[in-house]
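In our numbering, the protein residues as written are 1 to 187. Notes follow once the structure below has been shown.
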């Protein structure tokens, strides 16, 4: 599986559009900047909702009103953030695929997605019982804390992708080679 994903990344890397995007003087920085700006929109609105769910901010605003006003902005930020993130991967697929930070980021994204699913499918189903409460139930507070932690981790690991500390083209310890999926030629 790992080699087939690496082969796919190598195939992407050889595509003319991928090369052009990576070498572009204007497009790559524009996409990267858009990614960061929509990340701020997404996470900014998410933080406001999570702080409300924790019961530490906006305590007088019903949760349904808070989510109703923020959710469209959150979704818009998320959609553009995912598109630009995919384009950033497309521009440098092999290096990104073999980035230890990228792999940690993906694990955190899956954890954040599961948390969102649990929040919307289980915790918010009985929101009407506690919608106006200054302090939501424990399950909502835990989900909000998990949300804040996972998205903070996504941001930090995403930022670290730019650094070459654990790149496969540098001498690395065996654990980095294993976790990053580096293919080492035994010569």
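By construction, the Cβ of each residue, glycine as well, lies at the ideal position given by its N, Cα and C atoms.
Does the pairing of the segment 90-104 with the segment 159-178 give three or more beta-carbon distances under 8 Å?
-> yes
What residues in its chain sit with their C-beta under 8 Å from that of residue 143, if we drop five residues either side in the sequence?
-> 53, 115, 118, 119 and 123
Go ahead and label residue 77 buried or exposed: buried means 16 or more other beta carbons lie within 10 angstroms of its beta carbon, across all protein chains shown.
-> buried
Does the Cβ of residue 42 have 16 or more other Cβ atoms within 10 Å, making it buried, or fewer, making it exposed?
-> buried
Closer than 7 Å by C-beta to residue 108: which residues in its own chain qualify, once you throw out the five before and the five after it? Chain order, please.
-> 150, 153, 154 and 157
Hey, out of 174, 35, 93 and 98, whose CA is closest to residue 81's CA?
-> 35
Pull up the distance between the alpha-carbon of residue 132 and that of residue 63, whole angstroms please.
-> 7 Å
Between the C-alpha atoms of residue 130 and residue 110, what's the straight-line distance to the nearest angstrom?
-> 28 Å
Backbone CA spacing between residue 141 and residue 74 [nearest angstrom] = 19 Å
Near residue 146, what residues of its chain come up, given a Cβ to Cβ distance below 7 Å and the 5 sequence neighbours on each side ignored?
-> 115
Would you give the residue range spanned by the alpha helix (DSSP H) that residue 143 belongs to?
-> 138-160
Would you kindly work out how many angstroms separate the C-alpha atoms of residue 167 and residue 87, rounded to a whole number?
-> 20 Å
Use the C-beta contact count for residue 49: other C-beta atoms within 10 angstroms, 16 or more gives buried, fewer gives exposed.
-> buried
Every unbroken alpha helix (DSSP H) inside the segment 14-65 [4 residues or more] | 16-23 and 27-54
Answer yes or no: does any C-beta atom of chain D fall closer than 8 Å to that of residue 120?
-> Among the chains in the structure shown there is no chain D, since it carries only a single protein chain.
Determine the closest residue to residue 72 out of 57, 44, 58 and 19, with distance taken between C-alpha atoms.
-> 44
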